[in-house]
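Q:
In my numbering, the protein residues as written are 2 to 438.
(1) I'd like to know whether the C-beta atoms of residue 309 and residue 287 end up nearer to each other than 8 Å.
(2) Does the contact criterion of 3 or more C-beta pairs under 8 Å hold for the segment 385 to 394 versus the segment 331 to 343?
(3) Going by the DSSP bridge assignment, what does residue 316 pair with across the sheet?
(4) By Cβ distance below 6 Å, which residues in the same chain neighbour residue 270 in space, the five residues on each side in sequence not counted?
(5) Here's the rule I'm using: 16 or more other beta-carbon atoms within 10 Å means buried, otherwise exposed. How should residue 87 be labelled?
(6) Which class does residue 175 belong to by DSSP, given the choice of helix, strand or coil?
(7) Would you mind stating whether residue 201 and residue 222 have Cβ atoms separated by less than 8 Å?
(8) Using the C-alpha atoms, what's the distance from residue 74 back to residue 247?
(9) Excluding the 5 residues flanking residue 144 on each side, which residues of the same chain have their C-beta closer than 7 Å to its C-beta?
(10) Should residue 254 go down as buried or exposed, given a rule of 16 or more other Cβ atoms within 10 Å for buried?
(11) Find the nearest neighbour of residue 446 within the set 84, 383, 166 and 79, judged by alpha-carbon distance.
(12) Since residue 388 is in the alpha helix (DSSP H), which residue starts that stretch and which ends it?
(13) By DSSP, does residue 208 sit in helix, in strand, or in coil?
(14) Measuring only the C-alpha atoms, how far is residue 283 from residue 361?
(15) For the pair the segment 303 to 322 and the segment 347 to 365, tell me if three or more CB-CB distances fall below 8 Å.
(16) Helix, strand or coil for residue 67? Go by DSSP, reduced to three states.
(17) Using DSSP's beta-bridge definition, name the partner residues of residue 328.
(18) From the DSSP output, which residues share a beta bridge with residue 95?
(19) Look at the Cβ atom of residue 215, then the Cβ atom of residue 205, and state whether they are nearer than 8 Å.
(20) If we define contact as Cβ-Cβ less than 8 Å, is residue 65 a contact residue for chain C?
(21) List the endpoints of the continuous alpha helix (DSSP H) containing residue 338.
(22) Measuring only the C-alpha atoms, how far is residue 398 from residue 378?
(23) Please look up how many angstroms separate the CB atoms of residue 320 and residue 297, rounded, as I've assumed it's under 8 Å.
(24) Is it buried or exposed for residue 412, if we count other Cβ within 10 angstroms and need 16 for buried?
(25) Looking at the secondary structure, which residues open and close the alpha helix (DSSP H) in which residue 144 lies?
(26) How is residue 264 classed by DSSP in three states: helix, strand or coil?
(27) Throw me the rounded Cβ distance for the residue 249 and residue 169 pair, which I believe falls under 8 Å.
(28) Where do the N-terminal and C-terminal ends of the alpha helix (DSSP H) with residue 306 fall, by residue?
(29) List the DSSP bridge partners of residue 85.
(30) Going by C-alpha distance, which of 358, 311, 61 and 381 is nearest residue 365?
(31) Less than 8 Å between the C-beta atoms of residue 410 and residue 416, yes or no?
(32) Let me check understanding here. Comparing Cα to Cα, which of 345, 245 and 218 lies closest to residue 230?
(33) For residue 224, tell me which candidate among 125, 345, 278 and 198 has the shortest Cα-Cα distance.
(34) Indicate whether residue 186 and residue 146 have their beta-carbon atoms separated by less than 8 Å.
(35) Assuming contact is defined by CB atoms lying nearer than 8 Å, are residue 330 and residue 317 in contact in what I supplied?
Spelled out as structure tokens, the structure:
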């Protein structure tokens, strides 16, 4: 088709102008992308410079020491923040390094001190940047959390004195004695835990039946602190707190678990106790019965006639143990049955076996009876009978697993304590040969 000359020129110039606009559009898009990218880079560099500036500031926490009159060095923190200086004495001390043990002790102390220093520095940096160190949900009281933890572990149909409930509620009493009843869960931090651990090392026995102003044992202090750790771990699992503050406490502050020393009676001492008269007949029967069965005092006092079963001439006790709430089957030996009280005709199967035994002054009466039997140098209590059963069984050749089941231990490592006692007896017996030559 014929096309006028002027129209051809028009279309030619139109195409060239259009291509120029496309190129300009591409250039503008590229420039916009470059500007956006540069803005992001500049923002990131600015943030890095701010962080670098924050880190380059003067160190706010310094570890220092002060020499004491006895030659030890007392460690403390020199904290300078917001134009104010204060000192935090850590109650940690370096001793003269006269031997390897002292050097090891100083290493552990320094590790604890630097840990505290790092925590203080971190807290200051988080405060500067406006970041919380721990997120707390709610404003629950600590004692309420402990009580709820205890109730969750109260077995069905069990009383409040059975199982772990009573022990956990004792922890609640100690927390109140240390910091009061209104302490919030949000207030429980590393310093609170360190303070509570220090309190437990000199805490008094808060049981209602405790005599005098007695201090709790090192084992009890370790147990109560471990319970607090468990309570706070449970709070983390429930989302009440994000972190368990006890995990930020250096081991140097935590109550140590003491080496277990358990007094027991030898076979000869049991015979002497049997021959020695006791002013309380059922107390003697129950104690010797425990020596032959390993039952705890709580289970002895709650033992009912219906729980003693004669299965075709095979006598055994089938009972739910109070401490663990597990059912336990214990075969009864002939010697054990001899120490059962006589069952009268008018006694029902639901009645207690040792019905006339009083819990009042029980330990004192046992100690007086043991003294009459000539047993000295041992802390005798009703629980000694359980230790006696375990050591007698192992020394007579019973295997560790069987004894563990007879005692109702859920973990065989608990029973291994008695095995160590028997091994020590064997060593002492062998050493008698050395004295003969």
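Ideal Cβ placement from N, Cα and C applies to all residues, glycine included.
A: Put simply:
(1) no
(2) no
(3) 311
(4) 376
(5) exposed
(6) helix
(7) yes
(8) 27 Å
(9) 173, 176, 177 and 182
(10) buried
(11) Outside the modelled stretch of the chain, which goes from 2 to 438, sits residue 446, for which no answer is possible.
(12) 385 to 396
(13) coil
(14) 13 Å
(15) yes
(16) strand
(17) 321
(18) 74
(19) yes
(20) Absence of chain C from the displayed structure is noted, only one protein chain being present.
(21) 335 to 339
(22) 27 Å
(23) About 11 Å; that fails the 8 Å criterion.
(24) exposed
(25) 143 to 153
(26) coil
(27) With 8 Å as the limit, residue 249 and residue 169 do not qualify as a contact, their Cβ atoms being about 23 Å apart.
(28) It is not in any alpha helix (DSSP H) - residue 306 carries neither H nor E in the DSSP assignment.
(29) 82
(30) 381
(31) yes
(32) 245
(33) 198
(34) yes
(35) yes
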